[in-house]
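Worksheet: one structure, shown below.
In the numbering used here, the protein residues as written are 557 to 640.
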C-alpha cells in the first residue's frame, strides 16, 4: 500500500481525544462523524494502526475501543505484578 498522506500530530491527538472520550465501542464511521474535522480514510487507518501498536486501542470487528490507562497505581501494579 502506497501511503499518500501521513497524519500530523494535531490529527493524531484529535483522534486520540475522540476515542478517549467515547463511551464504549466506536465503528470507523461513527468515529469519523464524531471527529471535529474531516480526516481522510487512509490517514485515519494509519493513525488507528499506530494507536493499536502503541497499546492505546483495540481495533476489532465490532469497533474501536480505548484501553490505555494512565493511572500511576495501575502502572506500579503492573510493574510489580501485584493484583489489585
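Note that CB positions come from ideal geometry on N, CA and C, so glycine has one too.
By how many angstroms is the C-alpha of residue j removed from the C-alpha of residue i?
i: residue 571; j: residue 633; result: 28 Å
i: residue 595; j: residue 617; result: 21 Å
i: residue 582; j: residue 620; result: 5 Å
i: residue 625; j: residue 604; result: 17 Å
i: residue 636; j: residue 629; result: 11 Å
i: residue 623; j: residue 607; result: 10 Å
What residues match up with residue i in a beta bridge as DSSP calls it?
i: residue 582; result: 620
Using three-state DSSP, classify residue i as helix, strand or coil.
i: residue 630; result: helix
i: residue 614; result: strand
i: residue 595; result: coil
i: residue 562; result: coil
i: residue 590; result: helix
Below 8 Å on the Cβ atoms is my contact criterion, and I expect residue i with residue j to pass it. Report the Cβ-Cβ distance as a whole number of Å.
i: residue 587; j: residue 574; result: 7 Å
i: residue 527; j: residue 559; result: Nothing can be reported for residue 527: it is not among the residues displayed for the chain, which extend from 557 to 640.
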